[in-house]
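Engineer: Submitted below is the structure of interest, expressed as structure tokens.
Residue numbers (the working numbering): 1 to 277.
Given below as structure tokens:
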């Protein structure tokens, strides 16, 4: 339950009004997960916590015309704010868009969901730091930085990163929940590829091209660097990818890996990217 004020401050979809609420602060059934997340973040930061990382699984509610009962949708949502936990590689950096993207990527990977990230505006998120998650043509949800106007409404100085996903859609698209895969006896063969492409080309588009060309032997794939400026075309950018190939039953030969890499490069060129020298 939330208050009308929390709903308004969060630009949340209208929830369901309760006819006989005990208090005004709990007079509506929420239509969005964001007010609850921001209340939790605000409480923890106002009590001196430097790093906040929370998640919730719960329902949102919407009125259904003449139906006396509202519809309810189960969501999984989370928020990151303040500083990331300190470690030797990155001492106390602030949570950013890539931190929440990493959380979503790991969740999808653990569930075995092949998803695509697309630029798609959302009224609750920063217009330049948000993305939608799609799988099988269905939108699973959104993630990104909370819109600065909303964090200002909550008097939060910290940038807040959130994700909000449809729980049942995740279950429906999941191909694996839990389970154990024994470590392979055979070594992985790793390659790095750096390509130049148009600045408008999304990394996700090229990742999909590489996965399609790499086939079943492509075990790992990551875009680990994006670079603009320098000697590059003003309308271009450089993307660097890390690839790992592995055969489940034997050691891969160099010529096999080279053939796959050449196939990937060919597909990337067809998509408008070219290998950097």
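No residue lacks a Cβ here, since even glycine has one placed at the ideal position from N, Cα and C. Quick caveat: nothing in here was measured; it's all calculated off a predicted structure.
1) Write down the C-beta distance between residue 223 and residue 245 rounded to the nearest angstrom, noting that I regard them as a contact closer than 8 Å.
2) Distance, Cα to Cα, residue 165 vs residue 35?
3) My output table needs one value for residue 116: the three-state DSSP class, helix, strand or coil.
4) Would you list the residues sitting across from residue 162 in a DSSP beta bridge?
5) Considering only residues of the same chain and omitting the five flanking positions on each side of residue 18, which have a CB-CB separation below 8 Å?
6) Quick check: residue 59 and residue 73, are their CB atoms within less than 8 Å of each other?
7) Would the C-beta of residue 140 count as close to the ligand SAM, meaning under 7 Å from any of its heavy atoms?
8) What residue range is occupied by the uninterrupted alpha helix (DSSP H) comprising residue 36?
9) Roughly how far, in whole angstroms, is the beta-carbon of residue 140 from the beta-carbon of residue 99, given that I think they are within contact range, below 8 Å?
10) For residue 230 versus residue 198, is the C-beta distance shorter than 8 Å?
11) Please state the DSSP three-state secondary structure of residue 200.
Structural biologist: This is what the structure holds:
1) Your numbering for residue 223 matches position 223 in the chain shown. Your numbering for residue 245 matches position 245 in the chain shown. Actually they are not in contact, since the Cβ atoms of residue 223 and residue 245 sit about 17 Å apart, beyond 8 Å.
2) For the purposes of this step, residue 165 is taken as residue 165 along the chain shown, with counting starting at 1. For the purposes of this step, residue 35 is taken as residue 35 along the chain shown, with counting starting at 1. Between residue 165 and residue 35, the C-alpha separation is close to 15 Å.
3) In the chain shown, counting from the first residue as 1, residue 116 sits at position 116. Looking at residue 116 - three-state DSSP - the assignment turns out to be strand.
4) By 1-based counting over the chain shown, the position of residue 162 is 162. DSSP lists 79, 144 as partners of residue 162.
5) Counting from 1 along the chain shown, the entry for residue 18 is found at position 18. Answer for residue 18: 1, 26, 27, 28, 29, listed in chain order.
6) As a position in the chain shown, residue 59 is number 59, starting the count at 1. As a position in the chain shown, residue 73 is number 73, starting the count at 1. Yes.
7) For the ligand SAM, the structure offers nothing, since it holds no ligand at all.
8) Numbered from 1 along the chain shown, position 36 holds the residue referred to as residue 36. Element bounds for residue 36: 34–46.
9) Translated into the one-based positions of the chain shown, residue 140 becomes position 140. Translated into the one-based positions of the chain shown, residue 99 becomes position 99. About 19 Å; that fails the 8 Å criterion.
10) Taking the chain shown and counting its residues from 1, one reaches residue 230 at position 230. Taking the chain shown and counting its residues from 1, one reaches residue 198 at position 198. Cβ distance not < 8 Å, so residue 230 and residue 198 don't count as in contact.
11) What you label residue 200 is simply residue 200 of the chain shown in a count that begins at 1. Here residue 200 sits in coil by DSSP.
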